[in-house]
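Enquirer:
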Amino acid sequence: MERIYDMIIIGGGPGGYTAALYAARSGLDVVVLEKLSAGGQMALTTQVDNYPGFPQGVDGFQLALAMQEGAERFGAVTEYAEVLSCDLSKDVKVLETSEGTFRGRTIVISTGASPRPLGLPGEEELVGRGLHYCAACDGMFYKGKTVVVVGGGNSAAADAMALSRIAKKVILVHRRDTLRATQVYHKPLMEAENVEFLWNSQVTELHRENRLTGIAVEDLVSGEIREVECDGVFVSIGRQPASSLFAGQLEMDDSGYIVAGESGKTNIPGVYAVGDVRTKALRQIITAASDGANAAHEAEGYLASLHQ
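Residue numbers (the working numbering): 1 to 308.
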């Protein structure tokens with residue numbers, strides 16, 4: 001007979017492996033489908049300082065492996081496979097993957113979201129060496145230094161505010177002549193003595209030696225190029241949720257995030273979204289883990305209802 005899992009988890013990030021841990025401890029038959037390696041974006045962070053229980057911080061990749069090991073200790077299985085298509089419409093959901101077909105009664109989507117890059121030469125090589133996408137994660141490395149924030153939305157404004165309390169100077173580069181962020185951010189940013197604005201501007205080049213040393217900024221009105229020395233750049237021009245696989249089946253917001261509340265429930269019974277791929281205010285390791293626990297709890301109740 002074809003195996004039908006109680007729960008299939010797509011993506012082995014903190015949300016996925018927390019769901020796997022809770023579900024497996026409850027006696028459910030659980031498989032995690034991960035196309036690369038455990039951890040998702042977390043695994044790319046060399047120093048995680050805001051996850052409780054590690055007073056000296058922890059390497060993101062090591063934390064990911066520990067989460068995987070914890071879930072597998074209780075019987076969860078990891079299969080390295082990329083999900084190519086899915087049919088979530090029936091009681092038994094069907095996933096077609098690079099390693100064959102998987103069937104499950106519940107699905108937890110933990111596919112995450114990736115930062116939208118600047119698209120400049122050398123950007124990928126500079127990640128973690130002066131170029132960052134998360135001020136809450138990496139801002140503390142720039143105490144007393146000069147940093148640049150690229151963007152003008154809420155996340156960029158929040159990053160600039162947070163960095164202004166850490167760095168000596170914050171330079172915010174934005175393509176328009178005013179912030180797109182909600183008004184609550186405008187006054188405190190304008191009044192911050194160490195925040196400078198480069199309006200109608202875009203970053204055109206990343207300068208480096210062994211690490212980032214500065215940027216070139218183009219004035220979009222005059223065309224003038226300005227060289228800016230800085231110790232770090234925080235890119236905050238949006239994120240790209242990995243949700244295209246579920247288009248046409250799951251409800252999504254205008255940015256492509258799967259609509260799901262704290263329970264993780266989507267518009268399809270038995271399908272849950274956790275971590276960065278779902279609609280939420282804060283996307284961090286700890287909130288993804290919390291999502292995973294909630295989704296596993298909800299899924300357990302859903303599975304029990306099938307047998308009533």
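Backbone N, C-alpha and C fix where the C-beta goes; we use that ideal spot for every residue, glycine too.
(1) Of the residues P269, R208, R283, which one's Cα is nearest the Cα of V127?
(2) On a Cα-Cα basis, can you pick out the residue from T213, G238, S305 that is closest to G119?
(3) Got a sec? Which residues, its chain only, sit under 7 Å from T287 by beta carbon, not counting five neighbours each side?
(4) For S83, write down the residues that DSSP places opposite it in a beta bridge.
(5) Run the CB neighbour count on E224, radius 10 Å, all protein chains shown included, and call it buried at 16 or more, exposed below.
(6) V149 bridges to which residues according to DSSP?
(7) Give the DSSP bridge partners of H307, in chain order.
(8) If you draw a straight line from the C-alpha of G256 to the C-alpha of V277, how long is it?
(9) Taking the Cβ atom as the reference point for each residue, do G16 and S110 lie within a distance shorter than 7 Å?
(10) Tell me the DSSP bridge mates of R208?
(11) With a threshold of 16 other CB atoms inside 10 Å of the CB of E125, please say whether the residue is buried or exposed.
(12) Which of the three DSSP states, helix, strand or coil, is assigned to Y5?
(13) How is Y17 classed by DSSP in three states: helix, strand or coil?
(14) Can you tell me whether D291 is buried or exposed? The criterion is at least 16 other CB atoms within 10 Å of its CB, across all chains shown.
(15) May I ask you to list the residues that DSSP assigns as paired with Y272?
(16) Quick one: grab the DSSP three-state call for Q62.
Expert: So, to answer that:
(1) R208
(2) G238
(3) K280
(4) The sequence shown places Val at residue 83, not Ser. Answer is T97.
(5) exposed
(6) L172, F234
(7) Bridge partners of H307: none, in fact.
(8) Cα to Cα, G256 sits roughly 8 Å from V277.
(9) yes
(10) L212
(11) Exposed, since its Cβ has fewer than 16 Cβ neighbours within 10 Å.
(12) strand
(13) helix
(14) buried
(15) V108, K265
(16) helix
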